[in-house]
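One structure is given below, encoded as structure tokens.
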Amino acid sequence: METNDAVVVDNGPFEGLDPDIILPLLTLIPAEDCLNGKTFYKTYKKWESLNVIQRTNVVTFWNRNVDVGARNRILDQARAVLALGVSEDRERQAMTNKHDRARILHLRVDPGAAADWTAAFREKTRAELDTNAADADPWNRLAAKFNDYETYKFSNAVILPGELTPAGL
23 METNDAVVVD NGPFEGLDPD IILPLLTLIP AEDCLNGKTF YKTYKKWESL
73 NVIQRTNVVT FWNRNVDVGA RNRILDQARA VLALGVSEDR ERQAMTNKHD
123 RARILHLRVD PGAAADWTAA FREKTRAELD TNAADADPWN RLAAKFNDYE
173 TYKFSNAVIL PGELTPAGL
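FYI, the numbering used here numbers position 160 of the sequence shown as 182, with every residue one higher than the one before it.
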């Protein structure tokens, strides 16, 4: 039994990549491609849920059963998965503009909008799902509030009435 393998530094063998990305990729390696003919543990899903012995088993498998070429391919795949996740997050952030952020802020200050938002994500009964009334759907009520500027006015706590010029300056 080797005592040096007991201490595992997080991300050490994986070149700083998230082990949660590496673990599923290790399970995809067939037994014939492993140096010792053993496949990776199928039950090892999340790095945080592994104890010290299991983490040591992962590092030992990485060092003893995966050749250098396969390691590089796995690391490249992990970098691609990480880049895809980062680009998806950037796309999601790009879809949120200043108007969307303002609407989200109005949800926090307008009790009616906050109630509609909560109702929109609440589980619906069969009768609520089957109704055809437009005002029964909380999404329709939110859309009406946020798109009807003639009748629905949002208050701005920063701007005091009468302190602006007609041009808004």
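C-beta atoms are modelled at their ideal positions from N, C-alpha and C, and glycine is treated no differently.
Sequence-distant partners of alanine 135 (beyond 5 residues in either direction) whose C-beta falls short of 7 Å from its own C-beta, in its chain, are His128, Leu129, Leu164, Lys167. Of all alpha-carbon atoms in Val131, Leu48, Thr140, the one lying nearest the alpha-carbon of lysine 64 is that of Leu48.
Distance check between phenylalanine 143 and each of Asp159, Phe83, Ala155 places Asp159 closest, using alpha-carbon atoms only. Collapsing the DSSP output to three states places glycine 91 in a helix. DSSP places arginine 144 in the coil class of the three-state scheme, outside both helix and strand. Within a 10 Å sphere around the beta-carbon of leucine 50 sit fewer than 16 other beta-carbons, which makes this residue exposed. Between lysine 67 and leucine 39, the CB-CB gap reaches or exceeds 8 Å. For proline 46, the enclosing alpha helix (DSSP H) covers residues 41-49.
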